[in-house]
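Residue numbers (the working numbering): 20 to 694.
Just so you know, even glycine gets a beta-carbon here, dropped at the ideal spot from N, CA and C.
Quick caveat: nothing in here was measured; it's all calculated off a predicted structure.
Here's the structure, in structure tokens; my notes come after.
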């Protein structure tokens, strides 16, 4: 009972609570209907949320097929893994190579034993040695040379070992026993941490130390691989590398030399990893079928039970279904006709709306026409010029016609560059420090040594490229590079970045007038203020795509985003040309790319799926408000009914009292007159 208490028909005899309850039950019917509507809306929302999860799951599978580099994965196969192992990574291309592993790279090793006219072997690792200096000299790079000082604090074999290791200069010292347990003979073993000829070093110890380091027990040698040489008249190519792990011989392929086998020809095949691609296609098909089943279930109706699904008749869901069916059955424009639809790969829709895969047809396409398969699924841009490649496209980028789009570059991008005022002599006359930095990096003070050549200076500067965001090259005085190496005798510093906001700054510790220097001098010179040298300002690329003006930033050319009629909207190209040029590009949009874009659109904030869920959430919020409003009105109405019933009972009580009073008065009057 709400609000007002009831006397429950004390006078009238009416069952007030029952009457009010019945009346309120009738009044609550709209509220009950709203509760049912909310339950239905919640069920529809849950169904949409379930479908949204399946849509996102499909998108994750489509993502692996929507970009062309997904079809560029390769695998490397060696005919003898006990000799040569290989892995293919980014940038690998199919190819077959026949090679021999002539030699493995190995690190230089030197052994030190007791020396002197009456030298006896060291009988313990802690054997005392003399004092003095032990100097290490690297045959191929004297900048690594170092010296260890032995005094009374470390004049033991163990002390020398530990002192060498503490230097951390690339020489690992250890102690070995070349004798026996009963008659030990300890020696110091020195091993270079690097391999190859660059690991060769010599050790010069003062005679007072009492250790002879002349024993080279393993010479540092390069790995040696021979390509070809399979018959008379052949001219094999021999390649030497300092490491047994080789990453710069075959693009995108890492070689690992396990053993040398100079008389054995190894067949190395780099092939497309079609098994990975096939698996991605199979997962895509399975996920599509899962979503298709979930959608079809919502439109199913069983007349025997008269049960319908929550989204039966949903126009939004019908739109989703029609979009998916349309894309799956679409023909991709701009690609070879025989690979322009999923059906050409043996992927077809059956009567139930399921995708089915003809394994034989798919395998054949993947093995023989992988590039065409890639264009069927992914977005792709082909260019008549090797200087144009695609960085990205968007859902708004439309496929080009068969004639393609013309790319007209009127200004190529350029790096900032500053060239020394003076030519580089045969070598530096003295030590010199160059300070180099760009407007997007921190500075580096690069120490250059006396007698270093121009090539050695360039090599040292380029070691700091990650920090300075600049590299060094040899050029003419005007900063250009001649085909004749003898003309490139000026040191130039060039920014890594392209574009109008790039700059490069150089300062030398040495006056240019000293002679035999880098040629920069001890004043700051830049690409824009090169002093007595020459400078090149950085430039952004300028050009059009399909006749439409674009924005250039460094080497990146981007279509204008605010042109609603543009077919190239969202397209970004990388232009690596060093001069103006005109070329054609052909952009195609595969089924996976189009499907991905549609799925993203469906689930975006303004997409069909999201808006359907938002509408149901809003509906339930409105229902909750209406239910609360009705509940308040019912509370007021119930209170009013009880008030009215209570008033009626009170009035009846008063009337009853009046009746009793009149009855008493009449009885009294009758008694009076009867006497």
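| Asked | Found |
| --- | --- |
| Environment of residue 20 [buried if 16+ CB atoms lie within 10 Å] | Here residue 20 scores only 45 on pLDDT, less than 50, and its place in the model is too uncertain to base an answer on. |
| Sub-8 Å separation of residue 239 and residue 216 beta-carbons | yes |
| Limits of the beta strand (DSSP E) - the one that residue 96 falls within | 93-97 |
| Reference residue 328; option with closest CA among 317, 126 and 285 | 317 |
| Cβ pair count under 8 Å reaching 3, the region 130-141 against the region 224-232 | yes |
| Beta-carbon spacing of residue 488, residue 459 below 8 Å | yes |
| Cβ contact check for the region 262-279 and the region 118-128: 3 or more pairs under 8 Å | yes |
| Span of the beta strand (DSSP E) around residue 117 | 114-122 |
| Cutoff 7 Å; reference residue 168; Cβ partners in own chain excluding five residues on either side | 152 |
| Anticipated Cβ contact below 8 Å, residue 440 with residue 538, distance rounded | 6 Å |
| Span of the alpha helix (DSSP H) around residue 67 | 48-82 |
| Simplified DSSP state of residue 151, which is helix, strand or coil | strand |
| Cβ-Cβ distance between residue 11 and residue 642 below 8 Å | A question about residue 11 goes unanswered here, because the residues of the chain that appear run from 20 up to 694. |
| Where residue 665 falls: helix, strand or coil (DSSP) | helix |
| Segment contact flag, the region 612-619 with the region 547-558, C-beta cutoff 8 Å, min 3 pairs | no |
| Residue 65 versus 625, 629 and 451, residue with shortest Cα-Cα distance | 629 |
| Minimum C-alpha distance to residue 302 - residue among 244, 570 and 366 | 366 |
| Close Cβ partners of residue 457 (< 8 Å) along its chain, the five nearest in sequence each way excluded | 435, 487, 488, 489, 514, 515, 516, 521, 522, 523 and 524 |
| Extent of the continuous beta strand (DSSP E) run through residue 207 | 205-211 |
| Close-in-space but distant-in-sequence residues of the same chain around residue 23 (CB under 8 Å, 5 per side omitted) | Residue placement at residue 23 is flagged as unreliable, the pLDDT there being 49, under the threshold of 50; a coordinate-derived value is accordingly withheld. |
| Inside the region 307-355 only - alpha helix (DSSP H) runs reaching at least 4 residues | 334-347 |
| Cβ-based burial, residue 679 [other Cβ within 10 Å; buried from 16] | exposed |
| Residue 471 versus residue 222: straight-line alpha-carbon distance, rounded | 23 Å |
| For residue 535, the first and last residue of its enclosing alpha helix (DSSP H) | No alpha helix (DSSP H) holds residue 535; DSSP gives it neither H nor E. |
| DSSP bridge partner residues for residue 427 (one or two, in chain order) | 563 and 601 |
| Contact belief for residue 113 with residue 304 at Cβ below 8 Å, rounded distance in angstroms | The Cβ separation is near 26 Å, so there is no contact. |
| Touch test, the region 402-409 against the region 591-603, Cβ-Cβ under 8 Å, three pairs minimum | yes |
| Length of the line joining the Cα atoms of residue 227 and residue 462 | 45 Å |
| Residue 412 versus residue 593: straight-line alpha-carbon distance, rounded | 12 Å |
| CA-to-CA distance, residue 475 to residue 444, given in whole angstroms | 13 Å |
| Continuous alpha helix (DSSP H) assignments of at least 4 residues falling wholly in the region 581-662 | 610-621 |
| Per-residue DSSP class, three states only, for residue 695 | Residue 695 cannot be examined here, being either before or after the span of the chain that is shown, 20 to 694. |
| Neighbourhood of residue 297 by C-beta distance below 7 Å, restricted to the same chain and skipping five residues each side | 381 and 385 |
| Sub-8 Å separation of residue 280 and residue 120 beta-carbons | yes |
| Closest Cα partner of residue 368 within the set 83, 426 and 307 | 307 |
| Pick from 83, 100 and 111 that is closest to residue 93, judged by C-alpha positions | 111 |
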